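Numbering (my numbering), first residue to last: 4 to 222.
Printed below as a string of structure tokens:
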């Protein structure tokens, strides 16, 4: 279907996600006003998952070096956000640890959708929420079970999400790291652990990476 112009298109009614989109738009506008175009482009990419304003050359450079996950909001970003909020709430005694955890439980799903609702951010957010809730209920939940629960939940709401490359990469890497836990903890040297994590992550997605993008960066 080819539409020459969107000027005469009308939209009646709205859904819950229209509220999310409004928040996203306001945050984008705020970043544009408060920072330079270059800085706001990076802010929008790394905080809101909006890479529209990044130069195509930069995106291509990250892809060729196999670093696209840095531009996509994923478990790394969620971990940093949770750590910052938890540190601010608890260290400065703004609230108790229990209340801080509840704030994170309510905040993370909202942030996941504001940041574009990509599979990687949904997986990371809901895994953290699950682990906190099960901890509060004093139910023991293995990491591999939490991954499976989130996997099934996302497919339940959108069965076609399984074809999303980000969905495949995110779950394959997470699952591979969990299964390799015993090998990772054999050393206490931090940089060795980081090398092992990178090794596992790269080789877990290597077949898909070559199949989809026809490129592999060994460095």
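Heads up, the beta-carbon is just placed ideally off N, CA and C, and yes, glycines get one too.
Values in this document were obtained by computation on a predicted structure and should not be read as measured data.
| Query | Result |
| --- | --- |
| I want to know whether the stretch 9 to 16 touches the stretch 27 to 43 - three or more CB-CB distances under 8 Å. | no |
| Could you tell me which of 119, 136, 64 sits nearest to residue 23, measuring between CA atoms? | 119 |
| Do you know how far the Cα of residue 66 is from the Cα of residue 74? | 10 Å |
| Can you tell me whether residue 74 is helix, strand or coil according to DSSP? | helix |
| Assign residue 122 to one of two classes, buried (16 or more other C-beta atoms within 10 Å of its C-beta) or exposed (fewer than that). | buried |
| Which value, in whole angstroms, describes the spacing of the CA atoms of residue 194 and residue 201? | 11 Å |
| Is the separation between the beta-carbon of residue 205 and that of residue 69 shorter than 9 Å? | yes |
| Within 10 Å of its beta-carbon, does residue 158 have 16 or more other beta-carbons around it, so buried, or fewer, so exposed? | exposed |
| To which residues of the same chain is residue 153 closer than 6 Å at the C-beta, ignoring the five residues directly before and after it? | 126, 129, 130 |
| By a C-beta neighbour count over all protein chains shown, 10 Å radius and 16 as the cutoff for buried, is residue 95 buried or exposed? | exposed |
| With a 10 Å radius around its C-beta and 16 neighbouring C-beta atoms as the bar for buried, classify residue 143 as buried or exposed. | exposed |
| Going straight from the alpha carbon of residue 171 to that of residue 90, what length do you get? | 32 Å |
| Kindly indicate the opening and closing residues of the alpha helix (DSSP H) around residue 188. | Here residue 188 belongs to no alpha helix (DSSP H), and DSSP marks it neither H nor E. |
| By the three-class DSSP mapping on this structure, what secondary structure does residue 38 have? | coil |
| Quick one: grab the DSSP three-state call for residue 210. | helix |
| Considering only the alpha carbon of each residue, which of 176, 167, 101 lies closest to residue 227? | Residue numbering for the chain in the displayed model covers 4 to 222; residue 227 lies beyond these limits and cannot be assessed. |
| Taking residue 176 and residue 135 to be in contact with their CB atoms under 8 Å, please state how far apart those CB atoms are, rounded to whole angstroms. | That pair is no contact at about 22 Å. |
| Could you check how far apart the C-beta atoms of residue 181 and residue 147 are, in whole angstroms? I think they sit under 8 Å. | 5 Å |
| Would you mind giving the Cβ-Cβ distance between residue 87 and residue 124, rounded to the nearest angstrom? I have them listed as a contact below 8 Å. | Wrong, their Cβ atoms sit about 16 Å apart, outside the cutoff. |
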